[in-house]
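4 protein chains.
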Amino acid sequence: MGRLSRIGVAIDSDLLRKFDALIHRRGYTNRSEAFRDLIRSELIGETAQSPESPVVATLTLVYDHHVRMLADKLTDLQHEHYPNILSTLHVHLDPDHCLEVLVLKGKAGAVRKIADRLLATKGVKHGRLTITTTGEGL
Amino acid sequence: MGRLSRIGVAIDSDLLRKFDALIHRRGYTNRSEAFRDLIRSELIGETAQSPESPVVATLTLVYDHHVRMLADKLTDLQHEHYPNILSTLHVHLDPDHCLEVLVLKGKAGAVRKIADRLLATKGVKHGRLTITTTGEGL
Amino acid sequence: MGRLSRIGVAIDSDLLRKFDALIHRRGYTNRSEAFRDLIRSELIGETAQSPESPVVATLTLVYDHHVRMLADKLTDLQHEHYPNILSTLHVHLDPDHCLEVLVLKGKAGAVRKIADRLLATKGVKHGRLTITTTGEGL
Amino acid sequence: MGRLSRIGVAIDSDLLRKFDALIHRRGYTNRSEAFRDLIRSELIGETAQSPESPVVATLTLVYDHHVRMLADKLTDLQHEHYPNILSTLHVHLDPDHCLEVLVLKGKAGAVRKIADRLLATKGVKHGRLTITTTGEGL
């Protein structure tokens, strides 16, 4: 964690009431925590835009395992980039479809490139990359 | 404006330093203002998702004015919905292309529908709807 | 416009039926037009990410004109960057609030920087930058 | 899979050349596959907006495991909603931080609500919900 600062923030009372209602709906019990989450989200958004930033990311893929050679291709691609892929989770969605989540670590640019390659593979029906933080300093 | 509340927020010193650097880069001279903007942005994001919310929006369209009847079609469509279209701005981008910005007002669902229709018109090459606030209570 | 190519696309019949229903709901009367719009949207998304790309953009601002000196500040800021600001549109939303839309042109990085400065100005309550195309080649 | 339809699409030659370059950069070897991915992405985007749609989703959380009782709270919350949580993956990022990915299944509205609760928990530093498809019909 590290040292805590206490700062004062001036907010129009109306706006504050609306914010309190919003964070209550989302399940926050603590207003400072909501502010910190907003800040971290802005910082991570900025980090993710710079290709050289170290990031952690998750890539969600949904694919049809009946597509010929697909599982092999996805495995090959992943092994090509094994230093950037920390781990994967697999769920059998239905008789045809698999969901796979990869946890990636590396520079934002490299991570995006690996994700693009996997998403472009024939048989992968949908996917999204979520860039998050390595945790450091947040 | 209305009455101002002063609240205290506890933030890890590291996180606060990073936030201060971020908002400095963006040109903020006042930390409270940055917090208020984050809050308003969350609130407007939530409002925009509910089709019944009253919103103001801007629709940006880029189109090729050489496409036969396009200008007429866009004008007709806009007149069909004139109570929701406050005003428009037109810029001649180059010999072929026009940019048009419409300011819309109404329920979020209705505004989205009008935007979809205009964006789907043949000859409209790109466009985006930006939902913002009516100003009230923010 | 330029020369037209006709290409063949293979799509699962189920997926095609769902796509046809989607574009019908959005008001398309022509499937090729819907495909072209999807393509252009991807291309513009990629362009917008590179700071050196020439772009056109619209910036939507909502502000409270009662805030002291705000109109002057916004005007000053805009004049500082007048070569990048093609035009603006102003709407009086209610007794307190103004909506202003700026049409910007320049490199994506420069345009974002101008937008950040304007959005960070005290009294500007909400805003969004929409990056679109200069029209060229799309 | 199911039956395949072959359709013709008319595209300006310039636009097509740019699209081909884009999908080549992303690693596609097949233009139809790129079109199908664009279509599926639009359809899933629409599905995700309707709270009643059945979806699969992944929730990425980064948290500080030193925060008192956090692991217990996250586990309790997850068990409260166990029918919607198919599986989770855990990665130890550094001495302080954990990354956890949850695979969720259910109606979009319910899934969002669970995600909001987990994201709002004190000690969870960042997170994102990615809504994807159950696979059915895509």
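Chains R, B, Y and A, in that order, give the protein sequences. Taking my numbering, the leading residue of the first sequence gets 1, the next gets one more, and so forth. Taking my numbering, the leading residue of the second sequence gets 1001, the next gets one more, and so forth. Taking my numbering, the leading residue of the third sequence gets 2001, the next gets one more, and so forth. Taking my numbering, the leading residue of the fourth sequence gets 3001, the next gets one more, and so forth. Note that CB positions come from ideal geometry on N, CA and C, so glycine has one too.
{"query": "Span of the beta strand (DSSP E) around Arg128 of chain R", "result": "Val124 to Thr132"}
{"query": "Status (buried if at least 16 other CB within 10 Å, exposed otherwise) for Glu1136 of chain B", "result": "exposed"}
{"query": "Identified DSSP bridge partners for Gly8 of chain R", "result": "B:Gly1008"}
{"query": "Minimum Cβ-Cβ distance from Lys3018 of chain A to chain Y less than 7 Å", "result": "yes"}
{"query": "Contacts of Tyr28 of chain R in chain A (Cβ-Cβ under 7 Å)", "result": "Ala3120"}
{"query": "Three-state secondary structure assigned by DSSP to His97 of chain R", "result": "strand"}
{"query": "Opposing strand residues paired with Leu2063 of chain Y [DSSP bridges]", "result": "It is worth fixing the name first, because residue 2063 of chain Y is Tyr in this sequence and not Leu. In DSSP, Tyr2063 of chain Y forms a bridge with Y:Cys2098 and Y:Val2124."}
{"query": "Straight-line Cα distance separating Arg3068 of chain A from Phe3019 of chain A", "result": "51 Å"}
{"query": "Paired residues, beta bridge with Pro1054 of chain B - DSSP", "result": "B:Lys1107"}
{"query": "Close beta carbons around Val1124 of chain B, own chain, < 6 Å, minus the five adjacent residues each side", "result": "Leu1061 and Tyr1063"}
{"query": "Beta carbon proximity, Ser2053 of chain Y to chain B, threshold 7 Å", "result": "no"}
{"query": "Sheet register partners of Thr1088 of chain B (DSSP bridge)", "result": "B:Leu1102"}
{"query": "Anticipated Cβ contact below 8 Å, Gly3106 of chain A with Pro3051 of chain A, distance rounded", "result": "The Cβ separation is near 11 Å, so there is no contact."}
{"query": "Asp1076 of chain B burial status per 10 Å Cβ neighbour count (16 or more: buried)", "result": "exposed"}
{"query": "Members of the region 2085-2097 of chain Y near chain B, C-beta cut-off 7 Å", "result": "Leu2086, Ser2087, Leu2089, Val2091, Leu2093, Asp2094, Asp2096 and His2097"}
{"query": "Under 7 Å between C-beta atoms of Thr133 of chain R and His3065 of chain A", "result": "no"}
{"query": "Below-7 Å beta-carbon distance, Val67 of chain R vs any chain B residue", "result": "no"}
{"query": "Contact set between Asp1012 of chain B and chain R, taken where Cβ atoms lie within less than 8 Å", "result": "Met1, Gly2, Arg3, Leu4, Ser5 and Arg36"}
{"query": "Cβ-Cβ distance between Gly2027 of chain Y and Asp1116 of chain B below 7 Å", "result": "yes"}
{"query": "Coil, strand or helix - Thr1075 of chain B by DSSP", "result": "helix"}
{"query": "Exposure of His1079 of chain B, with buried meaning 16 or more beta-carbon neighbours within 10 Å", "result": "exposed"}
{"query": "Minimum Cβ-Cβ distance from Leu2104 of chain Y to chain B less than 7 Å", "result": "no"}
{"query": "First and last residue of the uninterrupted alpha helix (DSSP H) at His1024 of chain B", "result": "Ser1013 to Arg1026"}
{"query": "Alpha carbon of Asp3012 of chain A to alpha carbon of Glu2033 of chain Y, nearest angstrom", "result": "11 Å"}
{"query": "Nonlocal neighbours in the same chain, by C-beta distance under 6 Å from Leu3089 of chain A, ignoring five residues either side", "result": "Val3101"}
{"query": "Extent of the continuous alpha helix (DSSP H) run through Gly1137 of chain B", "result": "Element bounds for Gly1137 of chain B: n/a, residue is neither H nor E."}
{"query": "Where Gly45 of chain R sits in the DSSP three-state scheme", "result": "helix"}
{"query": "Closest residue to Thr29 of chain R among A:Leu3093, A:Arg3017, A:Leu3118 and A:Arg3128 (Cα-Cα distance)", "result": "A:Leu3118"}
{"query": "Contact list for His3126 of chain A against chain R, beta-carbon separation under 8 Å", "result": "Asp37, Arg40, Ser41, Ile44, Thr132, Thr133 and Leu138"}
{"query": "DSSP three-state assignment for Arg2068 of chain Y, whether helix, strand or coil", "result": "coil"}
{"query": "Length of the line joining the Cα atoms of Asp2094 of chain Y and Cys98 of chain R", "result": "52 Å"}
{"query": "Burial state of Ala2021 of chain Y (16 or more Cβ within 10 Å)", "result": "exposed"}
{"query": "For Arg1003 of chain B, the three-state DSSP class (helix, strand or coil)", "result": "coil"}
{"query": "Spatially closest choice to Arg3128 of chain A from R:Arg3, R:Thr58 and R:Arg31, by CA coordinates", "result": "R:Thr58"}
{"query": "Status (buried if at least 16 other CB within 10 Å, exposed otherwise) for Leu2138 of chain Y", "result": "buried"}
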